[in-house]
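Every number in this note's numbering is 8 more than the matching position in the sequence shown, counting from 1. From the three backbone atoms N, C-alpha and C, an ideal C-beta is built for every residue, glycine too. For clarity, every value in this text was computed on a predicted model and none was experimentally measured. Structure first, commentary second.
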Amino acid sequence: MGRRAYDCDMSSQRPVQPATERHGTPSGVIDHAAGLLEDARSVRRDLHRWPEVGLDLPKTKDRVLEALDGLPLDITLHKTTSGIAALLTGDKPGPTVMLRGDMDALPMPEDTGLDYASKVDNVMHACGHDTHVAMLAGAARMLSERKSSLPGRVLFMFQPGEEGYGGAEYMLDEGLLDVPPLADGTPSPISAAYAIHITSSMPAGMIGTKGGSVMASSDSFDIVITGKGGHASEPFRTFDPVPVTCEIVQAIQAMVTRRFDIFDPTVVTVTRLVAGTAYNVIPESARIQGTIRAISAKTRSSVHELIQRVADGVATAHGCNAETTVNLGYPVTVNDVPSADFGLDIAEALVGEKQVVRMPNPVMGAEDFSYVLEKLPGAMLFLGGTPHNTDPRTAAPNHSNRVMFEEDAMTTGMALYSSLALRTLGVTLD
Ligand SMILES: [Zn+2]
Ligand SMILES: [Zn+2]
């Protein structure tokens, strides 16, 4: 009986059939993507040379429109940002699936020495969003060429301002998800949304993700402690905010370890302390700033509450006052579990089991695709992009001034974007 139960457990963990039996033979999709690699390289390098930061990306937008030129797409140019929504309608009716690529660069110098390195001072595509745009435009071409057999629609979301500008939220506020019904009036709402992010820390062509929380929330906090200033030789005549500040920093760390379940963790890092002007003056006030990361909405909001309580309590105990402000950044990115499993299974059909990673833990960075995943089921997947002949463990990471990405991985990325859309619409890969 014991053995039988064990066998049952094993079979429930791993499907016995190869992934290709569930999704089809992907060689046609992969060959199709490979045939578009040179186009993708050209788009990517143009963007890499002329990177833009934030919500207004005029050059990038023009290059995207050039790459989509001639394709059978209904294009909506967003008004509040450089966002572009491009809708492909298949010749057969069906639901809509959304694919997202972010387009913005970072305000930092580039030191890669590449011959297509940034020509703009202190702006660099160091997060690989140039490859995302190139891959998404490639997938738009691939799927457009399959329009006649497509049972449904694909919405391509070219998004600006991922790096701290909340570009996804602007596009959502402008009605990105309010897709019109089909020509005969049948509704065709968006049933799923997928995004791909390249990483230089995973071998080129590998694909990974996980169900549930996949990236952290990111908020900042600012505590101002106010006491009463005076002469450094007579602290008893003051309410000195300096030792209170030190106690609050320590108390926050005790709060992190004592108030939170280690399996639903949080990171609270104090990064800035400001107090005083001279060795013999007790200042009236002091300041603490830092970042808060969490991987559940529950922990995120309770950190916000408890930081305030700890700061108030410690300050009050010493006759000072603490004013705490939490500035909200991106929420936790939560992959819908079935969508993440579906994505990993398709990835297995595309690149083989050994090239697919079921990530054990979330990444503590943050993503504004989180806003999309608050509204739609879907998943963000990571694509390996370590340059050939480089060790992923020591490769310059995303956001480094020296980061490089293997462009050949864009073939896998284009095939993955396309396959996610095709399979969501029920088309077998060929
Ligand atoms: Zn980034
Ligand atoms: Zn990024």
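In chain order, Arg245, Thr246 and Ile290 place their CB closer than 7 Å to the CB of glycine 238, counting only its own chain and leaving out the 5 sequence neighbours on each side. Judged by DSSP secondary structure, aspartate 82 falls within the beta strand (DSSP E) whose first and last residues are 81–85.
Histidine 326: not part of any alpha helix (DSSP H); DSSP gives it neither H nor E. Take alanine 403, set aside five residues on each side of it, and the residues of its chain with a beta-carbon closer than 6 Å to its own are Ser208 and Thr394, in chain order. Non-local beta-carbon contacts of proline 368 in its own chain, meaning distances under 7 Å to residues more than five positions away in sequence, are absent.
For aspartate 227, there is no enclosing alpha helix (DSSP H); the enclosing beta strand (DSSP E) covers residues 225–234. Linking tryptophan 58 to valine 128 through their CA atoms gives a straight-line distance of about 6 Å. Distances taken from the Cβ of glutamate 177 to the heavy atoms of ligand 2 include none shorter than 8 Å. Within the DSSP secondary-structure output, serine 221 pairs in a beta bridge with Val342.
Inclusion of methionine 150 and serine 426 in the CB contact set at 9 Å is warranted, their separation being smaller than that value. Here the alpha carbons of valine 318 and glycine 98 stand approximately 57 Å from one another.
Judged by beta-carbon spacing, alanine 142 lies within the 9 Å limit of alanine 75, meaning their Cβ atoms are closer than that value.
Contact between glycine 327 and glycine 421 does not hold, since their C-beta atoms are separated by about 59 Å, which reaches or exceeds 8 Å.
Counting the other CB atoms within 10 Å of its CB gives histidine 396 a total below 16, which places it among the exposed residues. Rounded to whole angstroms, the gap between the alpha carbons of arginine 267 and proline 370 is 21 Å. The Cβ atoms of aspartate 138 and arginine 53 lie closer than 9 Å to each other. At a cut-off of 8 Å, the beta-carbon of aspartate 110 counts as near ligand 2: some heavy atom of the ligand is closer than that. Spanning the alpha carbons of leucine 190 and glycine 102 requires a straight line of approximately 9 Å. Ranked by how close their Cα comes to the Cα of proline 249, the residues Thr104, Thr324 and Phe271 have Thr324 in first place.
Short of 8 Å from the beta carbon of alanine 93, and not among the five residues preceding or following it, lie these beta carbons of its own chain, in chain order: Ile83, Thr84, His86, Leu163, Phe164, Met165, Phe166, Met179 and Leu184.
Rounded to the nearest angstrom, the gap between the Cα atoms of threonine 436 and histidine 31 is 6 Å. With 16 or more other CB atoms across the displayed protein chains lying within 10 angstroms of its CB, phenylalanine 377 is buried. Taking the C-beta atoms as reference points, threonine 253 is found nearer than 9 Å to isoleucine 296. The alpha carbon of glutamate 292 has as its nearest neighbour, out of Leu424, Val342 and Ile233, the alpha carbon of Ile233. With 16 or more other CB atoms across the displayed protein chains lying within 10 angstroms of its CB, isoleucine 204 is buried. Sorted by position in the chain, Cys135, Glu171, Asn406 and His407 make up the residues whose C-beta lies under 6 Å from a heavy atom of ligand 1. A buried status is given to valine 342, since no fewer than 16 other beta-carbon atoms sit within 10 Å of its beta-carbon. Inter-residue distance for serine 90 and glycine 174 is about 13 Å (C-alpha atoms, whole angstroms). Distance between valine 365 and glycine 434, taken at the CA atoms: about 24 Å.
Exposure of alanine 262 is indicated by the presence of fewer than 16 other C-beta atoms within 10 angstroms of its C-beta.
Secondary structure note for valine 380: its alpha helix (DSSP H) is the uninterrupted segment 377–381. Counted as a single uninterrupted DSSP element, the alpha helix (DSSP H) harbouring histidine 56 occupies residues 45–57.
Annotated three-state conformation of valine 131 is coil, per DSSP. For histidine 137, the shortest C-beta to heavy atom distance toward ligand 2 is below 8 Å.
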